[in-house]
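Residue numbers (my numbering), protein chains in the order written: chain A, 6 to 290; chain B, 512 to 1079.
Notes to accompany the following structure.
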Amino acid sequence: MIDKKLYDMPQGTDMAWCPGCGNFPILNIVKMALAELDREPQDVVICSGIGQAAKTPHYLRVNYFNGLHGRALPPAIAIKVANPKLTVIAESGDGDTYGEGGNHFMHTIRRNPDIVSIVHDNMIYGLTKGQASPTSEKGLKNPIQPTGVIVDQFNPLAVALSLDATFVARAFSGDILQTKEIIKAAIRHKGYALVDVFQPCVVFNKQNTYQWFKEKSYYVDEKHDKTDKLKALELAFDLDRLALGVIYQREGKPTYETLVREGDEPLYKHATDMTALERLIETYK
Amino acid sequence: MKRFSGDISLVLGGAAGQGVQTVEALLVAVLKREGYNVFACKEYMSRIRGGSNSTEIRVTNKKRSSFVDRIDFLFAMDKDVIPHLQKRISKDTILLGEQAKVCGLSEECHVIDVPFTRFANELGNPIYTSTVAVGVALGILKADEKVFEQYLREHFARKGEEVVAKNIEAAEKGYAFGKHIAYHEGIEVHLAKSQAVEDELLLSGDEALGLGVLAAGCNYISSYPMSPGTGLLTFLAQQGKKFGVVVDQAEDEISAINHSIGAWYAGARAIVTTSGGGFDLMVEGISLSGIIETPIVVHIGQRPGPATGLPTRTEQADLNLALYAGHGEFPRAIFAPGTPEEVFLVAQQAFHIAAKYQIPVFILTDQYLLDSVRSLPKERLQNIKPENRIIETKTDYKRYALTEDGVSPRGVPGYGVGLVGVDSDEHDEMAHITESAEMRVAMHEKRWKKMEGIREEAFMPTEIGDVKHADTLVICWGSNRGVVEEALEILGQEGIAALHFHQVYPLPEKSKKLFSKKKIVVLENNFSGQFADLLTREYGVKVTENILKYDGDPFSVEEIVLKLKALS
């Protein structure tokens, strides 16, 4: 195990999160998980999009690609393919991952790259000041829908399961120890691992609070069969009682980087075989 | 008696799925192998079956690479060919086809009945019609039958001896018929063959691009299919495996560009290929590449817009799109090759400039250039040695170190002990978000500083004719090089010369003086004269006349000759 302090930013680093934000514990959990799994900072890349959660990579010492809104996953896949030796984590919010990046979310699951998606799900748009997100509950009042959200909420776990995601989990930022174990399992999993982490927005979401989530959620027990997909779907569709933990896991599905290329030599070492190119050109005679 | 000498235009027309492409591929390959200079271009409808498509094959003593309106021999495989190509058929055109399919013509027209159906019946399958047609053409040209047979043997070898034998039989029937009608109708064709041409390459724009991209050390492509940009994706999917190229078919163009920029970030050399409509979706990625200073190479195969436009036709109307794509301000470079050798060269230069200056770089081609095939000596393919310019990072590595020339040494994650961050927000040297006005100015000026080097390395335009002494200068870019070269040669006027730009942005400082005290005529395939505007913006040049075309077809030699004659 390496020292978690290795991931700490220098003292006094300015952080844009509000006091009490659920992002703080997730940041701490990610650092702990990486330390316990012995991942050196230079061998880890965090990809993020835009939003408060997407600022995470600025607050720990690893490599990072803080790209565009909704686009954490496409570069994350590419980085894993270009250098399979890296640990690649995409970290963004519910709006970024399920709304703006919805198409990438679906097709990343289909590809099954060996990356982790940690979705900071606060069921609201924080950075743009309190509008509804895809996971907002129906009826939630917000500046754009003053009488409440009129459409059903997006169900990331059910979508992921129906697309044959190989690791689907739900976690709670208020529970550091359990969430850390879930994220460690996600990092160890060979394939695309979705961890939807409930993370309260203390400023804009007065409905889905720490208390609310605590009351609504429970952990799946040891008897839960993680390989039972229908059971997992049943849990995913239950929005009255929110199941926490690894809901579903399937081993053995080939990962995208092994399907789309040979070996795991980083591509920065690659050079075109000019003799083979010369031979190819000759075939056009 | 009809005599053709030194330059023939042979057009094949038919419905999609009737084998016009097969005839073109076979005929062009065999003619090249026999030592004839060939150039072929095509036009086709946006449909899988039916419609009316055509291919023009020019066989010439001099090397030519342009489309002519004139048709010397027209092979009509279908009844729609005649109405489709009516305007280009003259009394000198020799029409070959089944009687029933070449009707509706004036009596002056020279029609030769070729009983394709009878031949197909004799051979037992209509599939051999294409080979019969190639045979007829070669018979008329009195080409060497042996070369054709040898080619068929190689071409069909993996399909088995029976298929080879049937095709040779089809070829012989066609050839004998072609020779017979040439004699019977008094058709004489005189064309020079050369041993040098036999050893040349036969390349389409698409193939030259694929080979150029490989020569550039490209090892990654993520793209979504869109005509005419798909050819490169297909090429790399088919040829790339043995070169270790990763091919990712993206869910959409937004994914493609963000994916490819991510690949560059991790040390790959990536390209995206698309057309204008797909590129519209990629625009956010260009802006991203601009601020995170992560290279990206974008190929845009242009076709007429707006929106879906004319999906299978040609245009040069996306220059402004490439020039202004992406919000905010940042440096970029745009190439627009006009020949396969230029395509091969600029593909490498695009990667070189992208990697060196860490910017988005564009290769603008179009349907006409990508689909055109021609023979060229292999020596014309020039190599630029690929350099990845990636450094091994140290603990104190700063991704956006402020430097003299604006270029911060680029590290990649996992190579060295340093950490590599990139950030789409304005950032400090360590790539962390900043709202400091001083840092913003320093970073913005650092990025723009790179433009000096990019401009210094800009390719000079190609001079066609005596530019120094001309009083009229015709300016063209991209695929219009061949047509301007040939038109000027036909005109033979000393006062007119031309410049062809294969890099359209930034323009080299040194070529500005070539414009002084001349009448400037800018020729391009768009409505508004986009390159003319750019010349005015960059060089302060006053453009006297625009020659524009935007009907989806390329300029023809005859058209340009007329337009240039009208100038004087």
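Ideal placement from N, C-alpha and C gives every residue a C-beta, glycine not left out.
Under the three-state reduction of DSSP, B:Phe-1066 is assigned to coil, being neither helix nor strand. B:Tyr-1061 and A:Asn-160 have their C-alpha atoms roughly 48 Å apart.
Bounds of the alpha helix (DSSP H) holding B:Glu-853 are 851 to 868. Burial is judged here by how many other beta carbons sit within 10 angstroms of a residue's own beta carbon; A:Phe-242 has fewer than 16 and is exposed. In terms of Cα proximity to A:Gln-57, the closest of A:Ala-40, A:Gly-75, A:Asp-48 is A:Gly-75.
Residue state for A:Ile-7 is assigned as coil, using DSSP reduced to three classes.
Residue pairing by DSSP places B:Tyr-1016 opposite B:Ile-845 in a beta bridge. Where A:Val-202 is concerned, the enclosing beta strand (DSSP E) starts and stops at 198 to 203. Boundaries of the alpha helix (DSSP H) harbouring B:Asp-882: 878 to 882, taken from the DSSP string.
Closer than 8 Å at the C-beta level to chain A, one finds these residues of the region 921 to 954 of chain B: Val-923, Pro-924, Gly-925, Tyr-926, Gly-927, Val-928, Gly-929, Leu-930, Val-931, Gly-932, Val-933, Asp-934, Ser-935, Asp-936, Ala-942, His-943, Ile-944. By the Cβ neighbour-count rule, B:Trp-775 is buried, with 16 or more other Cβ atoms within 10 Å of its own.
For A:Ile-82, the neighbours in chain B by C-beta distance under 7 Å run, in chain order, His-770. The straight-line gap separating the alpha-carbon atoms of B:Arg-951 and B:Asp-939 is approximately 8 Å. B:Ala-707 and B:Arg-544 have their C-alpha atoms spaced approximately 10 Å apart.
Between the alpha carbons of A:Glu-227 and A:Ala-81 lies a gap of roughly 32 Å.
A:Phe-110 and B:Asn-730 have their alpha carbons spaced roughly 25 Å apart. For A:Leu-42, the closest alpha carbon among the candidates A:Tyr-289, A:Tyr-64, A:Lys-9 is that of A:Lys-9. Of the residues B:Phe-584, B:Pro-806, B:Arg-958, B:Thr-571, the one whose Cα lies closest to the Cα of B:Glu-840 is B:Arg-958. Residues Pro-842, Arg-843 of the same chain have their beta carbon placed closer than 6 Å to that of B:Ile-870, with the five preceding and five following residues left out of the count. In the pairwise beta carbon analysis, the region 646 to 657 of chain B is classified as not touching the region 609 to 620 of chain B: fewer than three pairs are separated by under 8 Å. Exclusion of the five residues before and after B:Ile-568 leaves Leu-521, Glu-535, Leu-538, Val-539, Val-549, Ala-551 as the residues of its chain whose Cβ lies within less than 7 Å of its Cβ.
Taking 9 Å as the cut-off between beta carbons, the residues of the region 530 to 563 of chain B near chain A are Lys-543, Arg-544, in sequence order. With a 10 Å radius around the Cβ and a threshold of 16 neighbouring Cβ atoms, A:Ser-141 comes out buried. Beta-bridge partners of A:Arg-175 (DSSP): A:Asp-201, A:Gly-250. B:Trp-988 has B:Phe-1012 as its beta-bridge partners, per DSSP. With respect to B:Ser-733, B:Ala-777 sits apart: the two C-beta atoms are not nearer than 8 Å. Taking each of A:Gly-144, A:Val-49, A:Thr-92 in turn and checking the Cα distance to A:Asp-157, the smallest one comes out for A:Gly-144. Taking all protein chains shown into account, A:Pro-139 has 16 or more neighbouring C-beta atoms within 10 Å of its C-beta and is therefore buried.
As DSSP reads the structure, A:Arg-193 sits in no beta bridge. Judged by DSSP secondary structure, B:His-955 falls within the alpha helix (DSSP H) whose first and last residues are 948 to 967. Listed in chain order, the alpha helix (DSSP H) runs fully inside the region 216 to 249 of chain A are 234 to 242, counting runs of at least 4 residues. Contact of B:Glu-795 with chain A by beta-carbon distance below 7 Å involves Leu-73. For B:Ile-901, the neighbours in chain A by C-beta distance under 9 Å run, in chain order, Tyr-273. Here B:Glu-997 has Arg-575, Ser-577, Val-1068 as same chain residues with Cβ atoms under 7 Å from its own Cβ, once five neighbours each way along the sequence are excluded. Looking only at B:Ser-798, B:Val-756, B:Ser-800, B:Thr-823, the smallest Cα-Cα distance to B:Ser-786 is reached by B:Thr-823.
Under DSSP, B:Ile-901 shares a beta bridge with B:Arg-921.
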